[in-house]
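First comes the structure, then the notes that go with it.
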Amino acid sequence: QRAKHPQAPVDAQLEHPHVISSTLLLALGVPPSRASASVHAAETFTTGVSAISHILHKNVDWKLFSRLIIPGVIGGVAGAYLLSNIDGGVIKPFVQTYLAAIGVYLIWRGFHLPPKPRDPKWVTPLGLAGGFMDATGGGGWGPVVTSNLLLQGSSPRHTIGTVNSVEFILTLSISITFLFHLGWETFTTYTVGLLIGGVVAAPFGAMLARHVAPRILFTAVGVILTLTSAFGIAKNLGYIG
Numbered sequence: 213q214r215a216k217h218p219q220a221p222v223d224a225q226l227e228h229p230h231v232i233s234s235t236l237l238l239a240l241g242v243p244p245s246r247a248s249a250s251v252h253a254a255e256t257f258t259t260g261v262s263a264i265s266h267i268l269h270k271n272v273d274w275k276l277f278s279r280l281i282i283p284g285v286i287g288g289v290a291g292a293y294l295l296s297n298i299d300g301g302v303i304k305p306f307v308q309t310y311l312a313a314i315g316v317y318l319i320w321r322g323f324h325l326p327p328k329p330r331d332p333k334w335v336t337p338l339g340l341a342g343g344f345m346d347a348t349g350g351g352g353w354g355p356v357v358t359s360n361l362l363l364q365g366s367s368p369r370h371t372i373g374t375v376n377s378v379e380f381i382l383t384l385s386i387s388i389t390f391l392f393h394l395g396w397e398t399f400t401t402y403t404v405g406l407l408i409g410g411v412v413a414a415p416f417g418a419m420l421a422r423h424v425a426p427r428i429l430f431t432a433v434g435v436i437l438t439l440t441s442a443f444g445i446a447k448n449l450g451y452i453g
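See the structure below:
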């Protein structure tokens with residue numbers, strides 16, 4: 213139940229549920245592979261609802277979608293396979309430090325006039341890295357891919373809508389990989405709480421992405437990334453039990 217509520221406002225605003233949900237599950241003592249499997253199982257449904265909402269609100273850039281989908285799935289499946297055999301907590305501190313730095317930069321960008329939107333250049337390697345980090349680090353697709361596309365000048369509204377729509381296919385692929393390697397027993401009861409909270413919140417994310425000013429979206433993404441990553445770093449360093 214605890215993991216359900218923090219997910220909702222994050223998913224509603226920034227399509228960024230994985231990190232907080234996974235962090236809470238790990239704090240409750242759930243093993244990394246089981247935590248990631250539970251989150252992705254729930255996300256298969258919640259991102260499906262959210263993707264439909266974004267499509268209906270015309271938030272999806274289909275050209276960007278086609279450039280992200282294949283490398284994202286390849287990276288996600290590879291990451292899920294690795295996490296099924298290796299403790300994903302080993303690379304988590306590096307991912308969290310990186311996300312914290314990106315978050316600080318986006319907060320700074322939020323207080324300055326955003327640049328004129330332009331087509332992102334580095335999409336394929338970004339999709340591979342984002343999918344891999346999402347599966348192994350317990351979260352990463354939304355924050356890694358969205359933040360990097362924003363840094364490259366992509367439109368906040370269409371970036372959020374497109375990244376979240378691709379995430380539906382990504383989470384489905386990752387969940388199938390976990391199911392194949394770990395079995396049904398790896399999907400815990402936490403999945404139910406995550407599923408309920410995410411499905412309720414998902415449609416609101418599409419509405420906010422369409423109607424909230426880019427300046428606010430930049431700042432909001434930065435704040436969520438920075439606070440979430442700082443919590444994870446502090447926990448890894450032993451400052452938080």
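Taking the numbering used here as reference, the numbering of the sequence shown is continuous, increasing by one, and the terminal residue is 453.
In this text, a Cβ means the ideal position worked out from N, Cα and C, and glycines have one as well.
Predicted model, so just to flag it, every value in this text is computed and none were measured.
Please classify residue 226 as buried or exposed, where buried requires at least 16 other C-beta atoms within 10 Å of its C-beta.
Note that residue 226 scores 47 on pLDDT, short of 50, meaning its location in the model is unreliable and no value can be drawn from it.
For residue 454 and residue 361, what's the separation of their Cα atoms in angstroms?
With the chain covering only 213 through 453, there is no way to say anything about residue 454.
Alpha carbon to alpha carbon, how far is residue 259 from residue 291? Give it in angstroms, no decimals.
19 Å
Can you name, in chain order, every residue of its own chain whose Cβ lies under 6 Å from the Cβ of residue 339, other than the five neighbours on each side?
Cβ neighbours of residue 339 beyond the five flanking positions: 280, 283, 284.
Looking at the structure shown, is residue 274 part of a helix, part of a strand, or coil, going by DSSP?
Residue state for residue 274 is assigned as helix, using DSSP reduced to three classes.
Excluding the five sequence neighbours on either side, which residues of its own chain have a C-beta within less than 7 Å of the C-beta of residue 368, listed in chain order?
362, 426, 429, 430
So, is residue 395 buried or exposed, given that buried needs 16 or more other C-beta atoms within 10 angstroms?
exposed
Can you give the beta carbon distance from residue 352 to residue 330, rounded, assuming they're within the 8 Å contact cut?
Their Cβ separation, rounded to whole angstroms, is 24 Å, which puts residue 352 and residue 330 out of contact at 8 Å.
Just how far apart, CA to CA, sit residue 317 and residue 387?
32 Å
Can you grab the Cα-Cα spacing for the pair residue 436 / residue 355, in whole Å?
9 Å
Enumerate in chain order the residues of its own chain whose CB-to-CB distance from residue 384 is below 7 Å, with the five nearest sequence positions on each side excluded.
256
What separation, rounded to the nearest whole angstrom, lies between the Cα atoms of residue 245 and residue 344?
When rounded, the distance between both Cα atoms is 13 Å.
To the nearest angstrom, how far is the alpha carbon of residue 444 from that of residue 333?
When rounded, the distance between both Cα atoms is 30 Å.
Taking just the CA atoms, how far does residue 274 sit from residue 452?
42 Å
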